[in-house]
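Structure record follows, encoded as structure tokens.
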Amino acid sequence: MGKIKLDEIDHQILDMLIDNTRIPFTDIAKKLLISAGTVHVRVKKMEEAGIIRGSSLTLDYKKLGYSFIAYVGVYLNNTSQTKFVLERINEIAYVTVAHITTGKFNIFCKIRARSTEHAKEVIFLLDDIEGVYRTETMISLEESINDKKRLMHSIFNDM
Numbered sequence: 783m784g785k786i787k788l789d790e791i792d793h794q795i796l797d798m799l800i801d802n803t804r805i806p807f808t809d810i811a812k813k814l815l816i817s818a819g820t821v822h823v824r825v826k827k828m829e830e831a832g833i834i835r836g837s838s839l840t841l842d843y844k845k846l847g848y849s850f851i852a853y854v855g856v857y858l859n860n861t862s863q864t865k866f867v868l869e870r871i872n873e874i875a876y877v878t879v880a881h882i883t884t885g886k887f888n889i890f891c892k893i894r895a896r897s898t899e900h901a902k903e904v905i906f907l908l909d910d911i912e913g914v915y916r917t918e919t920m921i922s923l924e925e926s927i928n929d930k931k932r933l934m935h936s937i938f939n940d941m
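Residue numbers (my numbering): 783 to 941.
In structure tokens:
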């Protein structure tokens, strides 16, 4: 499928959905002075084109007791073990993100934990995976930027 053309109305719809994925189409329609049916058709078009893929909740992990964030670089004995190691990493619920990377690490992970003690347990689980040579951990002191809108607006400006 070719690149879909988005207009300013599509941009505004996406903007509102990024703020609140549960906003009713009628509310979007009122704000944009268009019909709810138009919003529905445009969202459906963006879903079919793969621009919108589902929706998600944003949790306040601090309120849930999981405010500790660490990033773990994983070194492998052999890159041929990547798939196997990723499958094992996927079994550790506290690893929320994993990337295959170039450079220093083979895999780079983000973990969420209750405390430094809990993070140590998770890191030891990573270390114990067959094929993992060693890990290197960086503790996040604060998530300073987490802004989906800035990227989206830059993409729109590039279109």
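Backbone N, C-alpha and C fix where the C-beta goes; we use that ideal spot for every residue, glycine too.
Say yes only if the C-beta of residue i is nearer than 7 angstroms to one or more non-hydrogen atoms of the ligand GTP, and no if none qualify.
i: asparagine 802; result: You won't find the ligand GTP in this model; it holds no ligand whatsoever.
With C-beta atoms as the reference, is residue i less than 8 angstroms away from residue j?
i: glycine 913; j: asparagine 872; result: no
i: valine 920; j: tyrosine 853; result: It is methionine, not valine, that sits at residue 920 in the sequence shown. Yes, the pair counts as a contact, with Cβ atoms nearer than the cut-off.
i: alanine 880; j: phenylalanine 850; result: no
i: leucine 799; j: isoleucine 791; result: no
i: glycine 855; j: glutamate 918; result: yes
i: tyrosine 998; j: tyrosine 843; result: Residue 998 is absent from the structure shown; the chain starts at 783 and stops at 941.
Give the DSSP bridge partners of residue i, in chain order.
i: arginine 894; result: Ile851
i: histidine 935; result: Per DSSP, none; premise fails for histidine 935.
Assign residue i to one of three DSSP states: helix, strand, or coil.
i: glutamate 899; result: helix
i: methionine 783; result: Bear in mind that the predicted position of methionine 783 carries a pLDDT of just 47, short of 50, making it unreliable; the figure below should be weighed with that in mind. Coil at methionine 783, not helix or strand.
i: arginine 870; result: helix
i: arginine 824; result: helix
i: threonine 919; result: strand
i: isoleucine 911; result: coil
i: isoleucine 810; result: helix
i: alanine 875; result: coil
i: alanine 831; result: coil
i: leucine 846; result: coil
i: valine 856; result: strand
Quick one: what's got a C-beta closer than 7 angstroms to residue i's C-beta in the same chain, skipping five residues either side?
i: serine 817; result: Ala811
i: glutamine 794; result: Leu814
ask   = Are the stretch 860-870 and the stretch 812-820 in contact at 8 angstroms, needing three or more beta carbon pairs?
value = no
ask   = Would the stretch 878-893 and the stretch 929-941 be scored as touching if the rule is three or more Cβ pairs under 8 angstroms?
value = no
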